[in-house]
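Below: the structure, in structure tokens.
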Amino acid sequence: MDEQSMSESITLVTEPGKIMLRGALVRSQIERLASFDLPELDGQVPGTRMEVALGQVRAIDTAGLAFLLCWQSQAAARSVSVRYTHPPKALQPMMTVYGLKDLLAVDGL
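One point on numbering: in full-length UniProt numbering, the residue at position 49 of the sequence shown is 49, and numbering is uninterrupted.
And the structure:
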């Protein structure tokens, strides 16, 4: 990961049923967030699905992986299922190393 991609702030864009993450999902940027809580989307009720699009995530580290696990846990507490889509290439090796392939619902891995 280059320094420029690591310093790109995280932004969240929400629409019904979907959250799009952009920027660097790394510790230094996660620490700057006002809240680590999974946003509640309009119309989101127990039993529904939520997509978290990762296609614009330029960098991810183990803190970013922990962040995604935290969001998945929060969604489960609301009885909402989360599907991560368009994962960055670095996500798969981390999930394998930490034995998380069966815990995170990630399309394309």
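We treat Cβ as the ideally placed atom computed from N, Cα and C, and that holds for glycine.
Here the structure is a predicted model, which means the values were calculated and not measured.
query, result
"6 Å CB neighbourhood of V57 in its chain, flanking five on each side removed", "L21, L25 and P88"
"Option in A76, M94 and P93 with minimal Cα separation from M50", "A76"
"Span of the beta strand (DSSP E), counted from its first residue to its last, around R22", "K18 to L25"
"Reference L65, options Q74, E15, K18 and R27, closest by Cα", "R27"
"Buried or exposed (CB count within 10 angstroms, at least 16 for buried), V97", "exposed"
"Close-in-space but distant-in-sequence residues of the same chain around V82 (CB under 7 Å, 5 per side omitted)", "M50, V52, W71, Q72, A75 and A105"
"A59 burial status per 10 Å Cβ neighbour count (16 or more: buried)", "buried"
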